[in-house]
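Q: Quick note: the sequence shown uses the working numbering, first residue 2, plus one each step. Beta carbons: idealized from backbone N, C-alpha and C, even for Gly. Here's a structure for you.
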Amino acid sequence: MKLYHLSSGPLRVNTYFLVDETTREAVCIDGGENYRLIKKTERDNGFTVKHLLLTHAHFDHAGNAAALQKDGAIVYASAQEAAKLKNGGTLAENFGRAFTPLTVDAILKDGDVLDLVGVKIEVMLTAGHTDGSLTFKTGDMLFTGDTLFLESVGRTDFPTGDRDALIRSVQKLFALSGDYKVYPGHEEFTTLSHERKYNFFSDVDI
Ligand SMILES: [Zn+2]
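If you want it as structure tokens, here you go:
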């Protein structure tokens, strides 16, 4: 498996691709908003997105999900986020962005283990930024969406945000044994050991 990354849009959202180097099939984590950029990335690197995993429903992460689904990608999200993707709650309206609603193909819950393009991916519910935010864990990598950032954490002032839940989720990540590379939904990559040391939330009491 090879990891590809791109950062796109005014909010510089991070999109990740886990690519099977034999079949050239890919899992995409948070496609972002720009559909044409995903298509160009597929063409330039010779892979095809077969599965789209969404950490949460916010438009900057899920804005092109309907278009990618139309192209054949299977879309996955938690039940809470699936409701937002279908009925509203993506923040698109707040930011004056267009958003095509969609019905996700597969609902994910905490503890699910997916086996996609030869990669085992564990689903962790890390609520707080939104009530259904997910972190995806595979090998020594964590894809944390807007839950955990480099020396920071996600905002909790949007609808369904919950600061106490976010603290619990971040501490749940810190409690994993060993070290992990952390690939967040925005900004720079980090590691769990770095965050255990320097993240403000590592010693906040609930
Ligand atoms: Zn968000």
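What are the uninterrupted segments assigned as beta strand (DSSP E) that are 3 or more residues long and contained completely in the region 134 to 204, given in chain order?
A: Entirely contained in the region 134 to 204, the beta strand (DSSP E) runs reaching 3 residues are, in chain order, 135 to 139, 142 to 146, 182 to 185.
Q: Which residues in the same chain as Leu149 place their Cβ atom closer than 7 Å to its Cβ, once the five residues preceding and following it in sequence are excluded?
A: One-based indexing of the sequence shown puts residue 149 at position 148. Hits under 7 Å: Val171, Leu174, Val183, Pro185, Glu196.
Q: Quick one: measure Cβ to Cβ for Thr101 and Ala67, integer angstroms, because I've assumed they're closer than 8 Å.
A: Here residue 101 refers to the residue found at position 100 of the sequence shown. Here residue 67 refers to the residue found at position 66 of the sequence shown. About 4 Å separates the two Cβ atoms, so the contact holds.
Q: Kindly indicate the opening and closing residues of the alpha helix (DSSP H) around Phe60.
A: Taking the sequence shown and counting its residues from 1, the one referred to as residue 60 is at position 59. Segment 60 to 63, the alpha helix (DSSP H) holding Phe60.
Q: Using the Cα positions of Gly32 and Asn200, report the straight-line distance between them to the nearest angstrom.
A: Your numbering for residue 32 matches position 31 in the sequence shown. Your numbering for residue 200 matches position 199 in the sequence shown. One C-alpha to the other measures close to 27 Å.
Q: Is any heavy atom in ligand 2 found nearer than 7 Å to the beta carbon of Asp147?
A: In the structure shown, ligand 2 is absent; the only ligands present are ligand 1.
Q: Exposed or buried, which one is Glu94 when buried takes at least 16 other CB atoms within 10 Å?
A: Here residue 94 refers to the residue found at position 93 of the sequence shown. When all chains shown are included, Glu94 counts as exposed.
Q: In chain order, what are the residue ranges of uninterrupted alpha helix (DSSP H) at least 4 long that sit wholly in the region 49 to 99?
A: DSSP runs (the alpha helix (DSSP H)) wholly in the region 49 to 99: 60 to 63, 66 to 71, 80 to 88.
Q: Could you check whether the region 139 to 156 touches the region 79 to 99, counting it as contact only if at least three pairs of C-beta atoms, one from each stretch, sit closer than 8 Å?
A: No contact exists between the region 139 to 156 and the region 79 to 99.
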